[in-house]
């Protein structure tokens, strides 16, 4: 059954790493802007509309083709990790 995994840009590196660890390096990840929480319905709708073409593509293309394409997908980190002390 076709599925589309949707992930915000804040977590796409984690999603790609998890997919590789689970033996699915070509798992299609549809990336949308972070955050989703706390947004008004119209803001969420705008983010969904921005991703709908890729979602339809992922749901309608052959799995092998998608795996090859997304395996080569370059994921750039959104920002650098800045460790913070546990206790201030």
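In our numbering, the protein residues as written are 1 to 88. Each residue gets a CB set at the ideal place from its N, CA and C atoms; glycine is no exception. This structure is a prediction, so every number in the text was calculated from the model and none was measured.
Residue i, buried or exposed, once every other Cβ within 10 Å from all chains shown has been counted against 16
i, result
"residue 46", "exposed"
"residue 19", "buried"
"residue 101", "The requested residue 101 is not part of the displayed model; the chain covers only 1 to 88."
Residue i versus the options, residue with shortest Cα-Cα distance
i, options, result
"residue 32", "66, 10, 59", "10"
"residue 76", "1, 15, 40", "15"
"residue 34", "27, 26, 43", "43"
"residue 25", "84, 73, 38", "73"
"residue 1", "36, 68, 62, 52", "62"
Cβ distance (whole Å) where residue i is taken to contact residue j below 8 Å
i, j, result
"residue 5", "residue 22", "Not really, about 12 Å apart at Cβ, beyond 8 Å."
"residue 57", "residue 27", "About 14 Å; that fails the 8 Å criterion."
"residue 8", "residue 36", "6 Å"
DSSP three-state assignment for residue i, whether helix, strand or coil
i, result
"residue 14", "helix"
"residue 3", "coil"
"residue 55", "helix"
"residue 66", "helix"
Proximal residues to residue i (C-beta, below 7 Å), its chain only, five neighbours per side dropped
i, result
"residue 94", "Outside the displayed span of the chain (1 to 88) sits residue 94, for which this structure offers no information."
Residue i at chain D interface by Cβ criterion, 8 Å
i, result
"residue 85", "Absent here is chain D; the protein component of the structure consists of one chain."
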